[in-house]
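Worksheet: one structure, shown below.
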Amino acid sequence: MASQSLTGSPRNKFTYASMWADFASGNSALNPIEAYQTTINIIPRFIWLGSTSNQRYHDLERVQNLAIRAAVAAIHASEFTLALEWLEHARCVVWNQTLMLRSPLDELHASHPSLATRLQTVANRLHHAGSESRESQASGSLTSEQVAQQHRQLAQEYEDRVSQVRALPGFEDFLQPIKGDRLVRAARNGPIVVINCHNDRCDALAILPGQGTIDHIPLPNFTGKKAQRIRLVMERSVRARQSRERGVERRPVIEQGNDFASEFENVLQALWYDLIKPILEFLGCMNVYSAEDLPHITWCPTGALSFLPLHAAGDYDHPNSRVFDYVVSSYTPTLGALLNSTPHSLTSDSRILAIGQANTPGHSPLPGTTTELARVQLHMQEKVQYSELVNHQATTAAALDAMEQHDWVHLACHAHQNVDDPTKSGFFLHDNTLDLATINRRSFKNKGLAYLSACQTATGDERLPDEAVHLASGMLMAGYSSVIATMWSVRDADAPFVADRVYGKLLTDGKLGNGEAGRALHHAVSELREEVGEKAFDRWVPYIHIGS
1 MASQSLTGSP RNKFTYASMW ADFASGNSAL NPIEAYQTTI NIIPRFIWLG STSNQRYHDL
61 ERVQNLAIRA AVAAIHASEF TLALEWLEHA RCVVWNQTLM LRSPLDELHA SHPSLATRLQ
121 TVANRLHHAG SESRESQASG SLTSEQVAQQ HRQLAQEYED RVSQVRALPG FEDFLQPIKG
181 DRLVRAARNG PIVVINCHND RCDALAILPG QGTIDHIPLP NFTGKKAQRI RLVMERSVRA
241 RQSRERGVER RPVIEQGNDF ASEFENVLQA LWYDLIKPIL EFLGCMNVYS AEDLPHITWC
301 PTGALSFLPL HAAGDYDHPN SRVFDYVVSS YTPTLGALLN STPHSLTSDS RILAIGQANT
361 PGHSPLPGTT TELARVQLHM QEKVQYSELV NHQATTAAAL DAMEQHDWVH LACHAHQNVD
421 DPTKSGFFLH DNTLDLATIN RRSFKNKGLA YLSACQTATG DERLPDEAVH LASGMLMAGY
481 SSVIATMWSV RDADAPFVAD RVYGKLLTDG KLGNGEAGRA LHHAVSELRE EVGEKAFDRW
541 VPYIHIGS
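For the record, in the sequence shown the residue sitting at position 297 is 297 according to UniProt numbering, with numbers rising by one throughout.
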């Protein structure tokens with residue numbers, strides 16, 4: 001089998017292995033489990049640390065929905081733990097590689113300090129090399145090709161060092177992909193529901209707190225094809241309302257009466273009856289609770305489902321038929337993102353930074369940001385240390401330095417999603433764009449909340465639905481455990497309202513990391529719905545919470 005031979009390029013080996021897996025899946029006499037495991041094992045060599053992150057994202061377009069297809073085979077064989085592991089290891093590949101390079105080496109330092117120091121040095125250099133383009137790293141003395149060669153050498157040295165560590169007694173699993181028995185521990189604050197959305201079928205894998213097993217929930221009335229269809233309907237509806245840039249007057253492209261609401265209702269209704277309601281029924285979450293006692297579910301969608309508002313699913317013509325009647329919703333791109341977070345309490349030493357841009361050069365004014373930051377500041381008085389960078393003060397360099405010195409950050413500004421190069425998506429500050437690549441070159445340790453009050457901060461890349469390539473996930477990757485973001489633009493007048501309610505609750509509770517941010521946003525959006533009306537979907541649906 002070419003995919004298992006020692007020779008040949010990783011790209012070719014991956015292609016052959018993927019073909020083998022597809023063939024085995026369609027032939028009852030063959031074993032697709034072995035084929036998919038072989039294919040997934042090749043990913044680290046194909047999507048190699050010796051390439052820039054942009055190149056790795058480009059190569060991932062060839063991987064496509066491998067994790068989803070593999071999980072279908074595992075679910076069909078009732079191998080639910082294996083399905084969960086594959087969805088974790090073969091999705092968010094660049095994300096997982098970045099987190100691996102940043103992994104704390106405390107245990108290794110304690111027993112083998114010199115090896116740990118060498119490995120940390122190589123990891124830091126490799127992370128920096130992968131975050132920048134070849135051209136930006138080239139200098140008068142080095143060509144782009146020489147920079148690329150150095151990068152490849154660093155990657156090889158890193159792999160050699162890791163192999164050295166794994167040869168040591170007690171370190172055999174060092175930086176290996178996380179196994180299922182550890183993944184299930186991510187369900188600390190309530191159930192986690194991973195939804196595998198294949199073109200022809202859909203299945204949910206549910207993990208309950210304190211439970212070592214994984215429950216399988218078949219969803220026969222939903223498929224990836226259906227997700228694609230309703231996603232197109234949703235995007236058409238959003239575009240018709242021009243809900244893309246905060247601060248731009250909302251005026252429909254064509255006067256459509258109630259077309260937006262009715263089309264959007266159809267999307268939310270399909271999500272409710274065919275997807276969310278069956279899951280809630282299985283989990284026993286269809287009881288009526290008080291607003292303070294609602295269970296907290298973290299959704300981990302895959303494929304086209306990653307772009308859909310599961311937190312707003314419902315039939316808005318019938319009572320008690322909305323997901324938020326029964327649960328608080330959060331999202332996570334991976335289970336590892338939850339495992340890596342550390343809960344903490346706010347004290348008088350906690351530092352919160354707010355960055356505001358009311359008049360960014362080249363963009364429409366955002367007068368609401370001034371009100372928004374004033375509302376945020378009111379909640380901080382005498383409780384925490386609060387700092388602001390506004391207008392001309394908010395340069396990219398000043399923002400990055402201040403973010404390193406503060407525990408939380410609130411960004412009220414314009415932002416954008418770069419469809420050609422996801423790493424160039426970013427926040428528009430006074431002098432330049434604070435992009436994902438720049439953010440990810442910093443490693444912010446043990447940060448808390450990142451509140452992204454801007455447009456398109458949780459808009460993914462349709463070519464890479466399972467790579468979580470958006471600003472919100474970038475903040476998680478950078479070290480923030482909890483992120484509030486938007487699926488599309490919010491109204492400039494609504495942003496202060498929601499921020500006011502979120503911080504009012506969080507500063508009263510004084511805690512973060514056990515679902516508090518998701519619960520605070522749930523209550524804030526509930527109040528916004530009461531103000532603007534339940535069917536003003538473009539006003540309240542965009543707000544989401546990601547992380548712990």
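Even for Gly, the Cβ is constructed at its ideal location relative to N, Cα and C.
Can the beta-carbon of residue i be found less than 8 Å from the beta-carbon of residue j?
| i | j | result |
| --- | --- | --- |
| Leu506 | Glu516 | yes |
| Asp315 | Trp272 | yes |
| Met487 | Pro309 | yes |
| Tyr36 | Trp86 | yes |
| Ala495 | Gly362 | no |
| Pro422 | Tyr57 | yes |
| Leu49 | Gln120 | no |
| Gly212 | Val194 | no |
| Val323 | Ile276 | yes |
| Leu105 | Asn340 | no |
| Cys92 | Ala468 | yes |
| residue 579 | Ser425 | There is no way to answer for residue 579, as the model of the chain reaches only from 1 to 548. |
| Leu305 | Ala186 | no |
| Pro220 | Leu208 | no |
| Thr360 | Asn446 | no |
| Ser345 | Val384 | no |
| Ala155 | Leu175 | no |
| His523 | Arg491 | no |
| Glu404 | Arg442 | yes |
| Leu373 | Trp408 | no |
| Thr39 | Ala21 | yes |
Starting from residue i and walking both ways along the alpha helix (DSSP H), at which residues does that stretch end?
| i | result |
| --- | --- |
| Gly368 | 368-380 |
| Gln385 | First-last for Gln385: 385-390, but that is the beta strand (DSSP E), not the alpha helix (DSSP H). |
| Leu84 | 80-89 |
| Tyr36 | 32-46 |
| His523 | 516-532 |
| Tyr158 | 144-166 |
| Tyr273 | Run containing Tyr273: none; DSSP gives neither H nor E here. |
| Gly180 | 180-183 |
| Met286 | Unbroken run through Met286: none, as it is neither H nor E. |
| Leu49 | That residue, Leu49, is in no alpha helix (DSSP H); it is neither H nor E in DSSP. |
| Asp420 | Unbroken run through Asp420: none, as it is neither H nor E. |
| Thr15 | 10-25 |
Express the C-alpha separation of residue j and residue i in angstroms, rounding to a whole number.
| i | j | result |
| --- | --- | --- |
| Phe307 | Thr334 | 15 Å |
| Gly513 | Ala399 | 24 Å |
| Trp540 | Val525 | 6 Å |
| Tyr158 | Ala312 | 44 Å |
| Glu255 | Tyr331 | Confidence in Glu255 is poor, its pLDDT being 40 and thus under 50, which makes the residue's placement unreliable; the coordinate value appears in the next sentence. Cα-Cα distance, rounded: 34 Å. |
| Arg250 | Ala499 | Summary for Arg250: the model assigns pLDDT 43, below 50, so the residue's position carries little reliability; its value from the coordinates is reported in the next sentence. Rounded to the nearest angstrom, the two C-alpha atoms are 21 Å apart. |
| Leu287 | Ala394 | Residue identity differs from the one stated: residue 287 is Asn in this sequence, not Leu. Cα-Cα distance, rounded: 47 Å. |
| Tyr16 | Ala90 | 17 Å |
| Arg375 | Pro465 | 35 Å |
| Ala67 | Tyr480 | 26 Å |
| Leu366 | Tyr451 | 17 Å |
| Ala536 | Ser237 | 12 Å |
| Asn54 | Leu471 | 15 Å |
| Ser321 | Leu232 | 24 Å |
| Val327 | Ala354 | 30 Å |
| Lys13 | Ala520 | 48 Å |
| Thr457 | Asn27 | 43 Å |
| Gln357 | Gly284 | 45 Å |
| Gln269 | Pro169 | 55 Å |
| Val532 | Asp538 | 10 Å |
| Leu294 | Ser329 | 10 Å |
With respect to the beta strand (DSSP E) encompassing residue i, which residues constitute its N-terminal and C-terminal limits?
| i | result |
| --- | --- |
| Lys226 | Note, Lys226: premise wrong, no beta strand (DSSP E); alpha helix (DSSP H) at 224-240. |
| Val483 | 480-486 |
| His311 | Per DSSP, His311 belongs to no beta strand (DSSP E) and is neither H nor E. |
| residue 551 | A query on residue 551 cannot be resolved here, the shown segment of the chain reaching from 1 to 548 and no further. |
Per DSSP, residue i forms a beta bridge with which residues?
| i | result |
| --- | --- |
| Cys202 | Cys197 |
| Val328 | His296 |
| Phe409 | Before going further, note that residue 409 is Val rather than Phe in the sequence given. Beta-bridge pairing links Val409 to Leu353, Ala450. |
| Ala415 | Phe427 |
| Ile546 | Tyr331, Val483 |
| Leu434 | Phe427 |
| Asp215 | Ala206 |
| Leu512 | His344 |
| Ile192 | Ile207, Thr298 |
- Task: Would you check if the stretch 425-438 and the stretch 364-383 touch, i.e. whether three or more CB-CB distances between them fall below 8 Å?
- Result: Flag = no, the stretch 364-383 and the stretch 425-438 do not touch.
- At a cut of 8 Å, does the stretch 60-72 reach the stretch 185-201 through at least three beta carbon pairs? As far as the Cβ criterion goes, the stretch 60-72 touches the stretch 185-201, which means the pair count is three or higher.
- At a cut of 8 Å, does the stretch 529-548 reach the stretch 473-481 through at least three beta carbon pairs? Yes, they touch.
- Message: With a threshold of 8 Å, are at least 3 pairs of Cβ atoms found where one atom belongs to the stretch 204-217 and the other to the stretch 42-51?
- Response: Contact annotation: the stretch 204-217 does not touch the stretch 42-51, with fewer than three C-beta pairs closer than 8 Å.
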